[in-house]
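Participant: Next up is a structure, given as structure tokens.
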Amino acid sequence: MIKLSNLADYAVELMCCIALKPADVHSSVGLADFTQIHLPTVSKILGTLVRAGLLTSHRGLNGGFTLRRPADEITITNIIEAVDGPVQLTNCLGEGESDCGRISSCGTRSQWYRINEAVKDALGSVLLCHMIESVPDFIGDGTADDLPLISKLIN
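Sequential numbering of the sequence shown, starting at -19, is according to the working numbering.
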């Protein structure tokens, strides 16, 4: 099974929350509360995203995090690779030494390379701004039943 790590999944979710209100400074506590991701995990991911140049950290009483670049300049690949490293479907496709002893005689490596590039291209074609386009559908239709979730999102 090919699956993103939980940290990569959470990183995309956190980036989406921040991108919804890009002018606001978002606290790690507020993001943890909204996403229901444990605070230590949120803090770890946010620190990683700052080091990767995707977020800016603001210190002080009203500190928190903002996007370093606009949401239409951040790809899903950027977020995943910040947390998990390069997208690599098989061991032999990495940039460093491979521990596979079959590289010189492998008949499928070139096809795995092609598949890996297609996955990277697909992830790279999805921007953070695309991920948040469906948020109004996700949070409901704006009726009274949706008010707690909507107010949590915008406050």
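For every residue, glycine included, the Cβ atom is placed at its ideal position computed from N, Cα and C. Nothing here was measured: the structure is a model prediction, and the numbers come from that model.
#1: Output needed for Asp125: all residues of its chain with C-beta closer than 8 Å, excluding positions within five of it in sequence on either side, in chain order.
#2: What are the start and end residues of the alpha helix (DSSP H) that includes Gly27?
#3: Tell me where the alpha helix (DSSP H) around Leu0 begins and ends.
#4: Going by DSSP, what residue range makes up the alpha helix (DSSP H) through Ser90?
#5: With burial defined as no fewer than 16 other Cβ atoms inside 10 Å of the residue's Cβ, what is the status of Gly44: buried or exposed?
#6: Please classify Leu41 as buried or exposed, where buried requires at least 16 neighbouring CB atoms within 10 angstroms.
#7: My output table needs one value for Thr36: the three-state DSSP class, helix, strand or coil.
Facilitator: Taking the coordinates as given:
#1: Model confidence at Asp125 stands at a pLDDT of 47, short of 50, so the residue's coordinates are unreliable; what they give is reported in the following sentence. Closer than 8 Å at Cβ, skipping near neighbours: no residue.
#2: Leu19 to Arg31
#3: Asn(-14) to Leu0
#4: Arg89 to Gly104
#5: buried
#6: Under this definition Leu41 is an exposed residue.
#7: strand
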